[in-house]
Amino acid sequence: MDREQRPAAAHRVMRQDDNGNRFLLARGLDRAAAEALAAEFEARGHKQLYWVEPEDPESHQDPEGHQDRA
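Each number in the working numbering comes from the position in the sequence shown (counting from 1) with 258 added on.
Set out below in structure tokens:
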């Protein structure tokens, strides 16, 4: 399967607070939507770190390794 026929990978938006705690803010977004959401949060001027990362389609775990109950 070539690059143009592959389904778009789902991405998630993450946040890390001042204490190093990580939180999942949104998931299942395409890369452009995830980047736009992260930029929106950053524009609010909070001191947290926001980033986008691809989701592993085989895993339904949160970043801390807890099993997703959904």
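The C-beta atom is built at its ideal place from N, Cα and C for all residues, glycine as well.
Note that the coordinates shown come from a computational prediction; the quantities given were computed from them, not determined experimentally.
Counting only runs of 4 or more residues that sit fully inside the stretch 263-313, the alpha helix (DSSP H) segments are 289-301, in chain order. For L283, same chain residues with a beta-carbon under 6 Å away, outside a window of 5 residues either side, are V271, R273 in chain order. A distance below 8 Å separates the beta carbons of A267 and P312.
Taken atom to atom, the span from the alpha-carbon of V310 to that of H269 is near 7 Å.
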